[in-house]
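Chemist: So that we are looking at the same thing, I have put the structure below in structure tokens.
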Amino acid sequence: MQAMRIFGLKFAVAFRGLGISLRDQSSLQIHVLASIVVLGIATYLEFEWWRWAVLILAITVVIAAELMNTAIERLVRVLHAQRHPEIGDALDTAAAAVLVTAIGAAAIGVLVLL
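Reminder that position 38 of the sequence shown reads as 38 in this note's numbering, one-by-one numbering, no gaps.
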């Protein structure tokens with residue numbers, strides 16, 4: 001019983017983090033909106049199961065990267081309020097990871113839509 005309550009709390013905490021990020025991060029909001037549009041197109045075109053799987057994987061990777069970027073940004077701002085070149089480089093690199101996943105997902109989207 002205790003294990004189930006702990007398991008439920010972990011989900012609650014994760015959904016809280018998702019809600020905070022959706023509320024505060026315009027980039028994540030854009031990714032979610034784009035995902036909804038793409039999934040709508042996939043529904044309209046009656047995609048085969050494997051196309052759905054590829055799209056959902058690409059969407060999940062982009063959103064996960066955006067969430068990790070948000071977590072890194074928040075931690076850095078709390079732990080080191082002063083500007084520092086190395087911290088700026090780390091934040092830029094985290095943002096680049098999101099960019100790479102978004103470009104990859106866009107390429108996958110185009111290929112799957114063909």
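In this text, a Cβ means the ideal position worked out from N, Cα and C, and glycines have one as well.
(1) Do A58 and A105 have their C-beta atoms closer together than 8 Å?
(2) Do the stretch 49-57 and the stretch 76-85 meet, that is, are 3 or more Cβ pairs less than 8 Å apart?
(3) In chain order, which alpha helix (DSSP H) runs of at least 4 residues are fully inside the stretch 28-87?
(4) Measuring only the C-alpha atoms, how far is L111 from T70?
(5) For Q2, does the three-state DSSP call read helix, strand or coil?
(6) Between which residues of its own chain and V32 is the CB-CB distance below 8 Å, once the five residues before and five after are set aside?
Modeler: In this structure, then:
(1) As a position in the sequence shown, residue 58 is number 58, starting the count at 1. As a position in the sequence shown, residue 105 is number 105, starting the count at 1. Closer than 8 Å, so yes.
(2) These segments do not touch.
(3) Runs found: 49-79.
(4) In the sequence shown, counting from the first residue as 1, residue 111 sits at position 111. In the sequence shown, counting from the first residue as 1, residue 70 sits at position 70. Between L111 and T70, the C-alpha separation is close to 29 Å.
(5) Residue numbering aside, residue 2 sits at position 2 when the sequence shown is read from its first letter. Helix at Q2.
(6) As a first step, residue 32 must be located in the sequence shown, where it is residue number 32. These residues qualify, in order along the chain: L22 and I63.
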